[in-house]
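S.K.: Please read through the structure below; I'll follow up with questions.
Here's what the structure looks like:
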C-alpha cells in the first residue's frame, strides 16, 4: 500500500468519429493517480487501445463515470462527494474490469481500509457477477483541497482532503459472457471495501450497451 500526491496532467484522446475513439495504452496508466473526476477520456464509447510504439490496436475498452454530487456543483471536490470510474474491456492478454473510487472528505485523515475496494458485484438480469481483486497490494492517493463554508452571511475557506483508490478485478470468460448478455439498461454494482463496508452505484446504459463490442476483441479472455 502506498500514498502519493497527484499529478494532474490531462492527456489527449483522439476521437475518430461520434461512435468510436482511440486512446494510447500509456494514457490509461494511473501510477500517479488521477485528477478529481478523471481525465478527459471518451466516456461510454467503444474505444480502441493503441500501442504507442507501433500504433497497433491491442484491445478495446469502454469507460463509465458516475458522480454523486449531494446536490452540489459538478466537477469540484466538496465534503461527501464521490466519483466512480469503471473500465471494462479486453486486450490481447485477456479481459479486465478496473475500478477507480474517489471520495472527498472534510477531514484530513481517514482509515485507508474504508476506500480500498476488494470485491465488485454487478447485477445482470437476475444474476450477480462477482469479481475478486487481482492483487493484494492496493494503492491509494490523497490530495488536499479547499472549499467554502457560509456562516453568518460570511464565506470561510476550509481545508479537506480527497482520496482515490484503484483496483483491478479478475474477469473470466464465463463472467464476461454474462456481462455481454446483459439487457441494455442501467445496472447496479456493489463495491465491498477492505473494512467490509459496501456501497452501491449505477453503471450507465450507454456503457452496458457497449460491453458486447469491447469484450468481443478477446472473448476467450486468454492470451
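Residue numbers (this note's numbering): 1 to 223. The beta-carbon is built from N, C-alpha and C at its ideal position, and this holds for glycine as well.
(1) Specify the secondary structure class of residue 171 as computed by DSSP and reduced to three states.
(2) Excluding the 5 residues preceding and the 5 following residue 184 in the sequence, name in chain order all residues of the same chain whose CB lies nearer than 8 Å to its CB.
(3) Buried or exposed: which applies to residue 59, given that a residue is buried once 16 or more other Cβ atoms fall within 10 Å of its Cβ?
(4) What distance in whole Å lies between the Cβ atoms of residue 61 and residue 225, which are believed to be in contact at a cut-off of 8 Å?
(5) In the structure shown, what three-state DSSP assignment does residue 27 receive?
(6) List the whole-angstrom C-beta distance separating residue 75 from residue 37, where the pair is believed to meet the contact cut-off of C-beta under 8 Å.
(7) So for residue 205, helix, strand or coil by DSSP?
(8) Going by DSSP in three states, residue 214 sits in which element: helix, strand or coil?
(9) Look up residue 131 in the DSSP assignment and say whether it is helix, strand or coil.
(10) Given a cut-off of 8 Å on the beta-carbon distance, is the pair residue 165 and residue 116 in contact?
(11) I need the straight-line Cα distance from residue 4 to residue 33, nearest angstrom please.
(12) Which of helix, strand or coil does DSSP assign to residue 119?
(13) Which stretch, first to last residue, makes up the beta strand (DSSP E) that contains residue 141?
(14) With burial defined as no fewer than 16 other Cβ atoms inside 10 Å of the residue's Cβ, what is the status of residue 198: buried or exposed?
(15) May I have the straight-line CA-CA distance separating residue 134 from residue 152, to the nearest angstrom?
(16) Mind checking whether residue 212 and residue 178 have CB atoms under 8 Å apart?
(17) What did DSSP end up calling residue 113 once you bin it into helix, strand or coil?
(18) Would you say residue 180 reaches chain C, if we count a Cβ-Cβ gap shorter than 8 Å as a contact?
(19) Round the Cβ separation of residue 145 and residue 162 to the nearest angstrom and send it over; I've been treating them as touching at under 8 Å.
M.R.: Let me spell this out:
(1) coil
(2) 205, 208, 209
(3) buried
(4) One cannot answer for residue 225 here, as it falls past the ends of the chain, which runs 1 to 223.
(5) helix
(6) 6 Å
(7) helix
(8) helix
(9) strand
(10) yes
(11) Note that residue 4 scores a pLDDT of 46, beneath 50, so its modelled location is shaky; the value from the coordinates is reported in the next line. Each residue's Cα considered, the two are about 8 Å apart.
(12) strand
(13) 139-151
(14) exposed
(15) 50 Å
(16) no
(17) helix
(18) In the structure shown, chain C does not exist; there is a single protein chain.
(19) 6 Å
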